[in-house]
Amino acid sequence: MPDVAEPEQLPVTQARAGEPAAWDALFRRYQLPLYVYVFELVRDEQAGLDLVQETFIAAVRHIGGLREDNKFGSWLFGIAHQKCIQVWRKRREILFDEIPEAADDFETGPDDLLIRQEQEAEFMNLLNQLPLPQRSVLLLHFVEEFSLEEIGRITETQLGTVKSRLHYAKKSLRKLLEVKNENAA
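When we follow our numbering, the leftmost residue of the sequence shown carries the number 9, and every step to the right adds one.
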């Protein structure tokens with residue numbers, strides 16, 4: 009019989025008590041997924057790094073307001089989401105047109121790497137055409153694998169709104185893909 013993974017035990021209680029080792033463990037656990045999410049929204053490497061840092065600073069300051077320790081991840085992503093909204097308001101821009109470069113992959117040939125990079129760039133181009141609320145829900149659900157309820161808490165929207173945004177985001181992506189394929193034919 010296969011082993012079943014135990015739910016992840018995060019040292020949130022210890023972090024609330026101000027233990028540096030607990031904050032270090034939480035930072036190591038959430039640093040990369042948080043950066044990926046933030047970067048996909050702001051499309052700026054330095055701004056993404058700054059926002060992750062600001063998110064953790066805010067988390068340290070406001071950990072006392074977290075009611076359920078097991079909701080730390082969605083709470084943290086919610087802080088990051090609000091930080092991104094602040095950046096968009098300041099810049100009056102939604103996204104930059106940059107596409108992140110794919111990491112080198114030594115197991116595939118150069119042709120495979122070029123094809124994958126092209127496909128990723130095409131997908132990101134389609135994704136960037138969606139309205140911000142739809143793009144955000146797609147990234148949180150499919151990339152970060154948050155439940156719809158957690159996405160509602162992160163984006164401070166009702167569950168029905170999250171479902172609607174996800175539905176319309178998928179529908180819009182399909183339509184954009186059809187148009188792209190028609191134009192390519």
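Cβ coordinates follow ideal geometry from the N, Cα and C atoms, glycine included. As the structure is a prediction and not an experimental result, all values here were calculated from the model.
For the alpha helix (DSSP H) containing Asp-58, name the first residue and the last one.
53-70
Classify Glu-115 as buried or exposed, calling it buried when 16 or more other Cβ atoms lie within 10 Å of its own Cβ.
Only weak support exists for where Glu-115 lies, its pLDDT of 47 falling under 50; the coordinates are left without a value.
Keeping to the same chain, check which residues put their C-beta closer than 8 angstroms to that of Leu-134; ignore five residues upstream and five downstream.
Leu-181, Leu-184, Leu-185, Lys-188
Strictly under 8 angstroms for the Cβ-Cβ distance: is Gly-160 near chain B by that measure?
Annotation note: the requested chain B is absent from the structure, which comprises a single protein chain.
Which value, in whole angstroms, describes the spacing of the CA atoms of Ile-65 and Leu-59?
10 angstroms
Taking buried to mean at least 16 other C-beta atoms within 10 Å of its own C-beta, is His-89 buried or exposed?
buried
Given this structure, state the Cα-to-Cα distance separating Tyr-43 from Leu-57, to the nearest angstrom.
7 angstroms
Which residue from Gln-61, Glu-190, Ala-33 puts its Cα closest to that of Ile-87?
Gln-61
Through-space distance from Arg-24 to Thr-47, alpha-carbon basis:
Note that residue 47 is Phe in the sequence shown, not Thr. Taking the straight line joining both Cα atoms gives about 27 angstroms.
Got a sec? Which residues, its chain only, sit under 7 angstroms from Thr-63 by beta carbon, not counting five neighbours each side?
Leu-42, Leu-84, Ile-87, Ala-88, Lys-91
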